[in-house]
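In terms of my numbering, the sequence shown is numbered consecutively and its last residue is 525.
Reviewing the structure listed below.
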Amino acid sequence: MLVFKKNIYLNPLRPGNHSSKIELHDEEDPSPLPFHFIHQALFNSQGLFQEIKAIENRETSSRLEILFPHASRLGNADVLSDLSDQLFTGLIHREIWFTMNCYHLCFLYDCLLDIVEDYSYNDETERLKLFPELEGQPLDFNRFLLEYFFNTTFLIAPERFNQMNSDERKQLLRSPDFGQDFPQLKQFSDPEDPTLAKVINHIPPGPEDIALKKLDQNPYLF
Numbered sequence: 304m305l306v307f308k309k310n311i312y313l314n315p316l317r318p319g320n321h322s323s324k325i326e327l328h329d330e331e332d333p334s335p336l337p338f339h340f341i342h343q344a345l346f347n348s349q350g351l352f353q354e355i356k357a358i359e360n361r362e363t364s365s366r367l368e369i370l371f372p373h374a375s376r377l378g379n380a381d382v383l384s385d386l387s388d389q390l391f392t393g394l395i396h397r398e399i400w401f402t403m404n405c406y407h408l409c410f411l412y413d414c415l416l417d418i419v420e421d422y423s424y425n426d427e428t429e430r431l432k433l434f435p436e437l438e439g440q441p442l443d444f445n446r447f448l449l450e451y452f453f454n455t456t457f458l459i460a461p462e463r464f465n466q467m468n469s470d471e472r473k474q475l476l477r478s479p480d481f482g483q484d485f486p487q488l489k490q491f492s493d494p495e496d497p498t499l500a501k502v503i504n505h506i507p508p509g510p511e512d513i514a515l516k517k518l519d520q521n522p523y524l525f
């Protein structure tokens, strides 16, 4: 299970099962159920890389740049496929909690952004197929990011980030309400994730960067 700012497993919607949408739907929240949203985005990426691996001529850089505008700067199809595998496996693993680094979050951000664009440009019928819990209304991606991502600092321009001093960088580590919402997760806010500067400066990940970090206990329990 993947650790986010808020627990995405509290009210998961099983893929393909829309029978409980009324029970779990929040009319005041124009964002999809978090587990369903993330599962669909990563499931799509799994299908994409299976398709790429089946192609003999694997000249896919232009396609990757379109689908993964940020993560494609971090490596080729093999690297992104490994990130996809790690995240999808971690998402559906029900016995172990995993924390993500900036490589994982950058890749996941692009996966989510792709499905947001797909949803936004579709008609109501297709929207209902994709996220029935939204009942066809616009998807508020910014709200979703604020509630579930610790931050999106990995998207900052390298020129700006590299000119910042240590105190300025600390202000970027977590969202302002981080400690108030989940004080038990403060262990993840300091020190700075060493992968942050690597992602911002487009340095390809090593095997240790691609692997998720296992936790010994549920991080949402005091």
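Positions of the beta carbon are idealized from the N, C-alpha and C atoms, including for glycine.
Backbone CA spacing between residue i and residue j [nearest angstrom]
| i | j | result |
| --- | --- | --- |
| Leu449 | Val382 | 27 Å |
| Ile459 | Met403 | 18 Å |
| Asp329 | Arg430 | Annotation note: pLDDT 47 at Asp329 (below 50); position unreliable, coordinate value reported separately. Approximately 17 Å, taken between the alpha carbons. |
| Thr498 | Gln440 | 36 Å |
| Gly350 | Ser469 | 40 Å |
| Phe447 | Thr456 | 16 Å |
| Gly415 | Ser423 | Looking at the sequence provided, one finds Leu at residue 415 rather than Gly. Their Cα atoms are separated by approximately 12 Å. |
| Phe352 | Ala380 | 7 Å |
| Leu377 | Glu462 | 17 Å |
| Lys308 | Pro337 | 11 Å |
| Leu518 | Leu370 | 31 Å |
| Gln466 | Cys405 | 19 Å |
| Phe606 | Glu438 | What is shown of the chain runs 304 to 525, which leaves residue 606 out entirely. |
First and last residue of the uninterrupted alpha helix (DSSP H) at residue i
| i | result |
| --- | --- |
| Phe352 | 337–356 |
| Leu499 | 498–503 |
| Leu531 | Residue coverage of the chain in this structure runs from 304 to 525, which leaves residue 531 outside it and unanswerable. |
| Thr428 | 427–433 |
| Ala465 | One detail in the question is off: residue 465 reads as Asn in this sequence, not Ala. Note, Asn465: alpha helix (DSSP H), 461–465. |
| Ile513 | 510–513 |
Three-state secondary structure assigned by DSSP to residue i
| i | result |
| --- | --- |
| Phe447 | helix |
| Glu438 | coil |
| Thr456 | helix |
| Leu475 | coil |
| Lys308 | coil |
| Leu408 | helix |
| Gln490 | Low confidence applies to Gln490: its pLDDT is 49, below 50, so where it sits in the model is not reliable, and the reading given next is rough at best. Here Gln490 sits in helix by DSSP. |
| Thr402 | strand |
| Leu518 | strand |
| Tyr424 | helix |
| Leu416 | helix |
| Leu313 | coil |
Check: residue i C-beta below 6 Å from any heavy atom of the ligand GTP
| i | result |
| --- | --- |
| Asn504 | The ligand GTP is absent from the structure shown, which contains no ligand whatsoever. |
CB contact flag (residue i, residue j, <7 Å)
| i | j | result |
| --- | --- | --- |
| Tyr523 | Asn310 | yes |
| His407 | Leu433 | no |
| His373 | Asp413 | yes |
| Leu394 | Leu305 | yes |
| Glu420 | Pro335 | no |
| Phe410 | Leu442 | no |
Residue range of the beta strand (DSSP E) that includes residue i
| i | result |
| --- | --- |
| Phe371 | Where Phe371 is concerned, there is no enclosing beta strand (DSSP E), given that its DSSP letter is neither H nor E. |
Any chain D beta carbon closer than 7 Å to residue i
| i | result |
| --- | --- |
| Ile341 | No chain D is part of this structure, which consists of one protein chain only. |
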